[in-house]
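Going from the sequence shown to the working numbering is simple: count from 1 and add 52.
See structure below.
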Amino acid sequence: MAKLRPLFNHLNERLLMHLPNEQHLSIDVSMVPYFVHHGCKQFINGKPVRFGYRVWCLNTKFGYLLQFEAYRGAGTISDEYRIGREVQLFWI
53 MAKLRPLFNH
63 LNERLLMHLP
73 NEQHLSIDVS
83 MVPYFVHHGC
93 KQFINGKPVR
103 FGYRVWCLNT
113 KFGYLLQFEA
123 YRGAGTISDE
133 YRIGREVQLF
143 WI
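What follows is the structure, given as structure tokens:
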């Protein structure tokens with residue numbers, strides 16, 4: 053993921069340049085399909101996309117993507133907060 057970080061930062065900057073004026077935002081998790089062996093890949097049983105990378109997305113109420121951040125594993129979450137709260141604090 054370290055090699056993709058500059059690309060993610062560039063895309064997030066470009067998405068913010070075209071930010072619509074919105075009061076209501078939502079945070080959602082998405083799966084990017086990926087079937088080749090990799091250590092960061094997630095497996096979630098019973099989902100339409102079972103193999104891939106988990107990505108947190110900040111969206112408008114119309115579904116316009118404003119920011120995204122790749123899930124980096126359970127080790128990056130502090131014990132004080134749950135994972136959803138940690139992501140909310142990241143974007144505040």
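Glycine included, C-beta positions come from ideal geometry on N, C-alpha and C.
Would you kindly work out how many angstroms separate the C-alpha atoms of TYR116 and LEU68, rounded to a whole number? 11 Å
Just to confirm my understanding: we take ARG57, look at its own chain, exclude 5 residues before and 5 after, and list those with CB closer than 6 Å. What are they? none
For the candidate residues PHE120, ASN97, TYR86, ASN111, whose alpha-carbon lies nearest to that of GLY104? TYR86
Leaving out five residues before and five after VAL101 in sequence, what residues of the same chain have Cβ atoms less than 6 Å from its Cβ? MET83, PRO85
By Cβ distance below 8 Å, which residues in the same chain neighbour LEU77 in space, the five residues on each side in sequence not counted? LEU110, ASN111, THR112, LYS113, LEU118, listed in sequence order.
Short Cβ contact (8 Å threshold) for PHE120 with ASN61: Not closer than 8 Å, so no.
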